[in-house]
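> Before I ask anything, here is the structure I am working with.
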Amino acid sequence: MEGAGSVATQLDGKVAVVTGAASGIGRAIAERFLAGGATLVAGDLRDADPPGDGDPRRWRSVRCDVAVEDDLAALIDAAETAGPLGVLVNCAGISTKAPIDEMPAGLWRRVLDVNLTGSALAIKHAVPAMKRAGGGSIVNIASLAAFSTASAHNTAYAASKGAIVALTRALVYELSPYRIRVNALAPGIVDTPILHGHSPEWLAERAGRIPLGRLGGVDDMADVVAFLASDASSYVTGQTIVADGGLTSVMYSPNDQK
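Residue numbers (numbering that gives the first Met the number 0): 0 to 257.
Here you go:
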C-alpha cells in the first residue's frame, strides 16, 4: 500500500540537513533522523558531535551561522556531497525580550535575520538541490508564539515565528510542481536547557497551564518533524502543526476547573 511503513523506514537512506543541531530541539531531531537511517548534516554555530550510539559515517557537522548566506550555501553543498538532498529542517533560532519602545534596531534585525531570513535563505539554496533530487521535504520550526505571544516583550521573536508560518504557506504553489513539500512545526513550551534557569515553581506553574499536564519534550517535537520529513506525510504540505499539549486550544488553565 502506498505510504505504508514506519516513519523510521521512510527516513532510511535520505540525506537531511538540520540547522541548530547542536542542542535542544534541533539535536533531538538530528538524532532521530540518524536513528531512522538518514545521513545527517548538522549545521550549527559550534560543532555537533554524533551521538555515541549513532553511526558516525552518516553524520557530518558543519559550522554555520544561518544569518550568513555563504554559510548556508556551503552547508547545502556539504549535504550534496553525501547524496541527493531529501530533507531540510530549519531549526536554528534565537529569542530576546525588550519592550518595543526600547528595542534596539540591531537586536530586532538579528532576531529576524536568524529566525526568518536564515530559514528563507536556507530554502533558497536547498531548492535547487531538491529539484536535482526529484523532490524533498522542508520543515520550518515556528512557535506557539506565532499564535499567542506567550509572554510580554516578545515582539521580535513572535513576529519572526508568525512570518515562518506565512512563509511555509507561501511556498506551496512555488514548490509543489517540483514534488517539494514544505510544512512547519510550532512547538509549545518545551523542556530545553533554556528553561533550566527558571525555578522548579516556575516550571510547575507553566506545566499546570497545559491541558495535558506537562511540558513538551524535545523527543515529542522530533516525532512530529520525523513524520513531516518522511514519506509518511507525502500528501501533507503548507501546514503548521501546533504541538503544545493543547495550550492554544483553551482559554483557561486546567487548574481553574478545580
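C-beta atoms are modelled at their ideal positions from N, C-alpha and C, and glycine is treated no differently.
(1) Hey, is the stretch 10-18 in contact with the stretch 223-237, meaning 3+ C-beta pairs nearer than 8 Å?
(2) For A3, which residues in the same chain have their Cβ closer than 7 Å to its Cβ, ignoring the five residues on either side in sequence?
(3) Since A203 and D219 should fall inside the 8 Å C-beta cutoff, what is the C-beta to C-beta distance between them, to a whole number of angstroms?
(4) Can you confirm whether the stretch 118-126 touches the stretch 182-196 when touching is taken to mean that 3 or more C-beta pairs between the two stretches lie within less than 8 Å?
(5) Sort S147, I140, V171, A155 by Cα distance to I163 and report the nearest one.
(6) Check G85 in the structure and name its three-state DSSP category.
(7) Grab me the residues of E1's own chain with a C-beta within less than 7 Å of its C-beta, minus the 5 sequence neighbours each way, in chain order.
(8) Can you tell me whether S60 is buried or exposed? The criterion is at least 16 other CB atoms within 10 Å of its CB, across all chains shown.
(9) With DSSP collapsed to three states, give me the class of R205.
(10) Spatial neighbours of N153 within its chain, please: C-beta separation below 8 Å, excluding the five flanking residues on both sides.
(11) Which same chain residues end up closer than 8 Å to L194 when comparing Cβ atoms and leaving out the 5 residues on each side of it in sequence?
(12) W58 bridges to which residues according to DSSP?
(13) Could you name the residues of the same chain whose beta carbon sits closer than 8 Å to that of L106, not counting the 5 residues immediately before and after it, in chain order?
(14) On the DSSP letters alone, give me the boundaries of the beta strand (DSSP E) that P186 sits inside.
(15) Measure how close the beta-carbons of G19 and A91 come, nearest whole angstrom, since I'm counting them as under 8 Å.
On the basis of the supplied data:
(1) yes
(2) Only weak support is given to the placement of A3: the predicted model assigns it a pLDDT of 46, under 50, and the value that follows is read from those uncertain coordinates. Around A3: no qualifying Cβ.
(3) Contact doesn't hold; Cβ gap of about 19 Å is too wide.
(4) no
(5) Minimum Cα distance to I163 is reached at I140.
(6) strand
(7) Because E1 carries a pLDDT of 46, less than 50, the predicted location of this residue cannot be relied on, and the following value inherits that uncertainty. Excluding sequence neighbours, E1 sits near nothing in its chain.
(8) buried
(9) helix
(10) So the qualifying residues of the chain are S94, K96, A144.
(11) I188, L202, L214
(12) Under DSSP, W58 takes part in a beta bridge, and its partners are L39.
(13) Within the same chain, L106 has close Cβ partners T95, A97, A155.
(14) 179-186
(15) 3 Å
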